[in-house]
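Participant: One structure coming up, written as structure tokens, with questions to follow.
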Amino acid sequence: MEIGLERGFRTALGDIIIMQLQLASVFFTFSLGTRVHYFGRTILHGGAKYRATGRGFVVRHEKFAENYRLYSRSHFVKGLELMVLLICYRLYGSAADDGISYALLSFSMWFLVLSWLFAPFLLNPSGFEWQKIVEDWEDWSKWISCRGGIGVPSVKSWESWWEEEQEHLRHTGFVGRLFEIILSIRFFIYQYGIVYHLNMTTSSRQGIRLSIVVYGLSWLVIGAVLIILKIVSMGRMKFSADFQLMFRLLKLLLFIGCIVTIAMLFYFLNLTVGDIFQSILAFMPTGWALLQISQACRTLVKGIGMWGSVKALARGIPDQAAIQPSFQPRPPNPTYSGWQ
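This is the structure we're talking about:
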């Protein structure tokens, strides 16, 4: 409006179009997420400090590990949570029966989700250049696999960064920890709602509802996952580098046990392939809730000897996001001409 009054509405309209083509709305939405996250953390736990709103990746190329360190908790995690909610609303909601109504109702939320998840990549100079992708991947792999410790900065090790991200919980009081736990309970509501809609909640052979049984079974699965993480963590420390064959055999036995369990669920409880994908959609928020609660109750978790499993869970969900070394991008081969 100010530009329209000073320079004319035609000029103002042109500036608006140019700003949209330059993804100004995406950047503004992303920077707003930074303010919201740290305002909320300061209100709950105190300890205000300066945080950049995200101009770095706009003016120069930032590595993926750097963007992850800065925006993982403030944008990526919240964006994934909203995306899960929007998917559940589309799958199970009744307010929008057709795709057009759903698009009109959820357009602004999807814009928020996409801005929080992809703005650092869309606005990052040379972000899609292949050589930069390879360099970013190598830097990310070194950072995620480097062990932390005294004197190791967060820019060199994922463990050091993860410890720094919990700094506010070490200095907060009982009320701050309690609110952190209460806010994490919302993820269990996601789990119950998704599990209630699974196909296996209705036994086709018996014709009865098994929602409570299946919900309890889902918690058994979560407990089994935590036990598996504990076994793998203990096996890694016990066998180390001298007994890699034994460690791989241990992981093979655990994998076979998981396959047999899934096969039994297919046969006895009418599990379907769709139920598996919906279960993944339910277990991801639950795993994150357990992680948040464990961090808030760090002293208790360390006392029962489960802190190693919590760290393994944090590395896998959602921090490592199932990234496997076998899918690493390779640098282009300059000797390959393409005509063979």
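Just so you know, we're using the working numbering here: the sequence shown kicks off at 5 and counts up by one. Every residue gets a Cβ at the ideal spot worked out from N, C-alpha and C, and that includes glycine. The structure presented is a predicted model; accordingly, all values stated were derived computationally and were not measured.
Taking the alpha-carbon of K67 as reference, which of D101, A107, R14 and P129 has the nearest alpha-carbon?
Facilitator: If you number the sequence shown from 1, residue 67 lands on position 63. Cα-wise, what sits closest to K67 is P129.
Participant: Can you name the start and end residues of the alpha helix (DSSP H) that P289 belongs to?
Facilitator: Taking the sequence shown and counting its residues from 1, one reaches residue 289 at position 285. V277 to A300 is the extent of the alpha helix (DSSP H) around P289.
Participant: So R73 and H41 are supposed to be a Cβ contact under 8 Å. How far apart are they, rounded?
Facilitator: Within the sequence shown, numbered from 1, the residue matching residue 73 stands at position 69. Within the sequence shown, numbered from 1, the residue matching residue 41 stands at position 37. R73 to H41, Cβ: 14 Å. No contact.
Participant: What's the gap between the Cα of W141 and the Cα of R11?
Facilitator: Taking the sequence shown and counting its residues from 1, one reaches residue 141 at position 137. Taking the sequence shown and counting its residues from 1, one reaches residue 11 at position 7. Their Cα atoms are separated by approximately 47 Å.
Participant: Under 8 Å, do F125 and G131 count as touching if we go by C-beta distance?
Facilitator: Your numbering for residue 125 matches position 121 in the sequence shown. Your numbering for residue 131 matches position 127 in the sequence shown. Result yes, Cβ atoms of F125 and G131 sit closer than 8 Å.
Participant: Please return the same chain residues whose Cβ sits closer than 6 Å to the Cβ of E70, not counting the five positions on each side in sequence.
Facilitator: Position 66 of the sequence shown, counted from the first residue, corresponds to residue 70. Within the same chain, E70 has no close Cβ partners at all.
Participant: Between which two residues does the alpha helix (DSSP H) carrying T15 extend?
Facilitator: Against the sequence shown, residue 15 aligns to sequence position 11. Counting along the chain, the alpha helix (DSSP H) containing T15 begins and ends at F13 to L25.
Participant: Taking only runs of the alpha helix (DSSP H) that begin and end inside the segment 145–203, which ones reach a length of at least 4 residues, in chain order?
Facilitator: Listed in chain order, the complete alpha helix (DSSP H) runs (minimum 4 residues) inside the segment 145–203 are 162–169, 171–175, 178–188 and 190–200.
Participant: Using a threshold of 8 Å, state whether the C-beta atoms of Y106 and H201 are closer than that.
Facilitator: Taking the first residue of the sequence shown as 1, we reach residue 106 at position 102. Taking the first residue of the sequence shown as 1, we reach residue 201 at position 197. The answer is no: Cβ separation not under 8 Å.
Participant: Are the beta-carbon atoms of G37 and W120 separated by less than 8 Å?
Facilitator: Here residue 37 is taken as the residue at index 33 of the sequence shown, counted from 1. Here residue 120 is taken as the residue at index 116 of the sequence shown, counted from 1. Result yes, Cβ atoms of G37 and W120 sit closer than 8 Å.
Participant: For R45, count neighbouring C-beta atoms within 10 Å of its own C-beta (all shown protein chains included) and say buried if the count is 16 or more, exposed if not.
Facilitator: Counting from one through the sequence shown, the residue named residue 45 turns up at place 41. Flag for R45 reads buried.
Participant: Taking W162 as the reference, which of G155, R151 and H172 has the closest Cα?
Facilitator: Numbered from 1 along the sequence shown, position 158 holds the residue referred to as residue 162. Looking at the Cα atoms, R151 is the closest of the given residues.
Participant: Considering just the uninterrupted stretch of the alpha helix (DSSP H) at H49, what are its terminal residues?
Facilitator: Position 45 of the sequence shown, counting from 1, holds the residue named residue 49. Per DSSP, H49 belongs to the alpha helix (DSSP H) from A28 to H49.
Participant: Using three-state DSSP, classify D143 as helix, strand or coil.
Facilitator: Looking up residue 143 in the sequence shown gives position 139. Of the three classes helix, strand and coil, the one that applies to D143 here is helix, per DSSP.
Participant: Assign L304 to buried or exposed, taking buried as 16 or more other Cβ atoms, counted over all protein chains shown, within 10 Å of its Cβ.
Facilitator: Translated into the one-based positions of the sequence shown, residue 304 becomes position 300. Burial call: exposed.
Participant: Once DSSP output is grouped into helix, strand and coil, what is the label at S78?
Facilitator: Your numbering for residue 78 matches position 74 in the sequence shown. If DSSP states are grouped into helix, strand and coil, S78 belongs with the helices.
Participant: What is the DSSP secondary structure of N71, counted as helix, strand or coil?
Facilitator: In the sequence shown, counting from the first residue as 1, residue 71 sits at position 67. In the structure shown, N71 sits in a helix (DSSP, three-state: H, G or I).
Participant: I'd like the list of long-range same chain contacts for Q296, defined as Cβ closer than 7 Å, with 5 residues on each side in sequence excluded.
Facilitator: One-based indexing of the sequence shown puts residue 296 at position 292. Closer than 7 Å at Cβ, skipping near neighbours: E184 and S188.
Participant: Quick one: grab the DSSP three-state call for I91.
Facilitator: Within the sequence shown, residue 91 is the residue found at index 87, counting from 1. Helix, per DSSP.
Participant: Considering just the uninterrupted stretch of the alpha helix (DSSP H) at F125, what are its terminal residues?
Facilitator: As a first step, residue 125 is located in the sequence shown; it is residue number 121 there, counting from the start. First-last of the alpha helix (DSSP H) with F125: G103 to L126.
Participant: Here's the rule: buried if 16 or more other CB atoms are within 10 angstroms of the residue's CB, otherwise exposed. What is H79?
Facilitator: The residue given as residue 79 occupies position 75 in the sequence shown. By the 10 Å Cβ count, H79 comes out buried.
Participant: D101: buried (16+ other C-beta within 10 angstroms of its C-beta) or exposed?
Facilitator: Within the sequence shown, residue 101 is the residue found at index 97, counting from 1. Burial call: exposed.
Participant: Enumerate in chain order the residues of its own chain whose CB-to-CB distance from G180 is below 6 Å, with the five nearest sequence positions on each side excluded.
Facilitator: One-based indexing of the sequence shown puts residue 180 at position 176. Excluding residues within five positions, the ones whose Cβ falls inside 6 Å are L48 and H49.
Participant: Measure from the alpha carbon of A28 to the alpha carbon of each residue in F115, S313 and A228, then state which is nearest.
Facilitator: Locating residue 28 in the sequence shown gives position 24, counting from the first residue. For the residues F115, S313 and A228, the minimum Cα distance to A28 belongs to F115.
Participant: Near E169, which residues of its chain fall below 7 Å by C-beta distance, leaving aside the five closest residues on each side in sequence?
Facilitator: By 1-based counting over the sequence shown, the position of residue 169 is 165. Closer than 7 Å at Cβ, skipping near neighbours: R77.
Participant: If distances are taken between C-alpha atoms only, which option among V264, W292 and I216 comes closest to L230?
Facilitator: Taking the sequence shown and counting its residues from 1, the one referred to as residue 230 is at position 226. Among V264, W292 and I216, the Cα nearest to that of L230 is on W292.
Participant: Do you know how far the Cα of I198 is from the Cα of R360?
Facilitator: Residue coverage of the chain in this structure runs from 5 to 344, which leaves residue 360 outside it and unanswerable.
Participant: Express the C-alpha separation of L25 and I154 in angstroms, rounding to a whole number.
Facilitator: If you number the sequence shown from 1, residue 154 lands on position 150. If you number the sequence shown from 1, residue 25 lands on position 21. Cα to Cα, I154 sits roughly 47 Å from L25.
Participant: For K136, which residues from the same chain have a beta carbon less than 7 Å from its beta carbon, with the 5 sequence-adjacent residues on both sides left out?
Facilitator: Along the sequence shown, read from residue 1 onward, the residue named residue 136 stands at position 132. Result list for K136: H65 and S130, in chain order.
Participant: Can you have a look at M111 and say buried or exposed, based on whether 16 or more other CB atoms are within 10 angstroms of its CB?
Facilitator: Here residue 111 refers to the residue found at position 107 of the sequence shown. Note that residue 111 is Phe in the sequence shown here, rather than Met. Exposed.
Participant: Would a C-beta distance cut-off of 8 Å place T290 and N203 closer than the cut-off?
Facilitator: What you label residue 290 is simply residue 286 of the sequence shown in a count that begins at 1. What you label residue 203 is simply residue 199 of the sequence shown in a count that begins at 1. Contact: no.
Participant: Look at the Cβ atom of I226, then the Cβ atom of F287, and state whether they are nearer than 8 Å.
Facilitator: If you number the sequence shown from 1, residue 226 lands on position 222. If you number the sequence shown from 1, residue 287 lands on position 283. Yes, Cβ-Cβ distance for I226 and F287 is below 8 Å.
Participant: Can you tell me whether DSSP reads G261 as helix, strand or coil?
Facilitator: Position 257 of the sequence shown, counted from the first residue, corresponds to residue 261. Of the three classes helix, strand and coil, the one that applies to G261 here is helix, per DSSP.
Participant: Would you call the CB atoms of H172 and G51 closer than 8 Å?
Facilitator: Position 168 of the sequence shown, counting from 1, holds the residue named residue 172. Position 47 of the sequence shown, counting from 1, holds the residue named residue 51. Contact flag set, yes.
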